[in-house]
Ligand code: SAM
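Residue numbers (our numbering): 3 to 166.
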């Protein structure tokens, strides 16, 4: 069952400290086919509908080189989420789990992440598949999928550390 902003039986809300933005800036906006939480996918799929990511000035030059990656990791701000639940009941069946044991959009810092397939880059606009967010969701960051990325900077000692 999808939540709008209600609290369900067995869920627990807390009084959160006043929100601060931790210095985050929204670097763009995501345009998707979904205008309702009741209809958005719970997790994006690689064969899902095309979504458009628009990057704001002055961040457009930061896209240089992104086209060489088949998949990207997208981080976004689930701006319509409540942020005060520590126990949640995704099935609304009387049972609850801790927020950090879930990928629910309801969290103290409502950051969502998806791995998307990059279809096209056209100036400040990217077309991707694999998102699950509502139309108009603010964009926090883009990175190459870590499984496709080889660090460009030289290795550091920590790269070779294992075990204790
Ligand atoms: N893939 C991300 C993750 O795992 O971090 C997000 C998963 S979350 C379960 C996806 C759901 O968040 C959608 O089905 C929708 O109900 C909700 N959602 C999407 N965009 C949102 C937004 N901008 N604000 C609040 N809720 C949103």
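Using N, Cα and C, we set each Cβ at its ideal position, and we do this for glycine too.
Item: So if DSSP puts residue 124 in a beta bridge, which residue, or which two residues, is it bridged to?; Value: 127
Item: With contact counted as at least three CB pairs below 8 Å, one residue from each stretch, are the region 59-76 and the region 117-129 in contact?; Value: yes
Item: What's the call for residue 42, buried or exposed, on a 16-neighbour Cβ count within 10 Å?; Value: buried
Item: Within the present structure, is the beta-carbon of residue 109 separated from the nearest heavy atom of ligand 1 by less than 6 Å?; Value: no
Item: Measuring straight from C-alpha to C-alpha, what distance separates residue 24 and residue 112?; Value: 13 Å
Item: Below 8 Å on the Cβ atoms is my guess for residue 36 versus residue 136; work out the distance and round it to an integer in Å.; Value: 5 Å
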